[in-house]
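In the working numbering, the protein residues as written are 1144 to 1469.
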């Protein structure tokens, strides 16, 4: 087993309220909160970028784990909003941490990226290849938004979350199992069309707004509720656990209504479903480790607690993790 020994999160200082966004879109602030559950989100300021956010979260996680950057065997980063196309954000964070030598690479799985990265780190520790892995998810979605598009402009925030994984000294404590899924048939539901090799950046791409995030919200909502509910039920049954005995359910913070509907479909009480979306919005792949770090910091997570992590994102990608905290 691997075990999470440290968590961290960081969001930029600029707070953007619904009134500011509503004024741009011509809608009332109360409407934004009603449809999304979001009151505020944090956006980066000029000079702030993805690797900087990731570094801050990483340093918190390392400090909590009681280790130094030099102690790491690998750095794995999830992002859909890197500083640059390449080199990887993981290498940039590695440089910011002042270390070298250990492998550092990125994972791209949209909002599911943290669980994909966590699965890689867990597998490396289980196999004995590595002993200490840093997993970071960092996102700057505000710079990919069309601020005239109601479906995306109200939802997204910036931030980073991180976790340090090490071998568990107690069998049965730590990451019990992770299950990942994808369905490329729905690749066009969440997408940035421009900027890749298919449609390189040009005046035409920029004028068409193809460099900004596009989401088919109603379709992704229905798929997310169904696929995530089914994935949780199957995973819990596979491990001979029970939803009713889970102490905490922590989902990707996409939309408050979506999380509520999944919890209701699972028969999980609201107090067990941890939410931070009200103050941070949807921070894409960073939302899950940020929520995990906040739950950890608030001492909601106690030794022996059964914890479910669940996520869903573009690709389509989705996944679940079962942890016995300790």
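Heads up, the beta-carbon is just placed ideally off N, CA and C, and yes, glycines get one too. The model shown is predicted, which means the values in this text are computed figures rather than measured ones.
In this structure, residue 1462 places its C-beta atom within 9 Å of the C-beta atom of residue 1262. Residue pairing of residue 1280 in beta bridges, as defined by DSSP: 1221 and 1304.
For the 9 Å CB-CB criterion, residue 1319 and residue 1393 do not form a contact. The DSSP assignment places 1391 to 1394 as complete runs of the beta strand (DSSP E) inside the segment 1360 to 1395, in order along the chain (cut-off: 3 residues). If you look at residue 1183, you'll find it in the beta strand (DSSP E) that goes 1183 to 1185.
Exclusion of the five residues before and after residue 1182 leaves 1160, 1161, 1176, 1421 and 1422 as the residues of its chain whose Cβ lies within less than 8 Å of its Cβ.
Assigned with DSSP and collapsed to three states, residue 1426 falls in coil, not helix or strand. Remark: three or more beta-carbon pairs, one from each stretch, lie closer than 8 Å, so the segment 1208 to 1222 and the segment 1238 to 1246 are flagged as touching.
With contact defined as three or more Cβ pairs closer than 8 Å, the segment 1422 to 1433 and the segment 1279 to 1292 are in contact. Fewer than three beta-carbon pairs drawn from the segment 1381 to 1389 and the segment 1345 to 1362 are found closer than 8 Å, and the two stretches are therefore not classed as touching. Buried is the label assigned to residue 1317, since at least 16 other Cβ atoms lie within 10 Å of its Cβ. Rounded to the nearest angstrom, the Cβ distance from residue 1357 to residue 1336 is 7 Å, consistent with a contact under 8 Å.
For residue 1409, the enclosing alpha helix (DSSP H) begins and ends at 1399 to 1409. Residue 1438 has no beta-bridge partner at all, per DSSP. Linking residue 1466 to residue 1310 through their CA atoms gives a straight-line distance of about 14 Å. Under a 10 Å Cβ-count criterion, residue 1232 is classified as buried, with 16 or more other Cβ atoms of the shown protein chains found around its own Cβ. Taken through DSSP and simplified to helix, strand or coil, residue 1232 comes out as helix. In the structure shown, the three-state DSSP call for residue 1449 is strand.
Taking each of 1197, 1297 and 1287 in turn and checking the Cα distance to residue 1169, the smallest one comes out for 1297.
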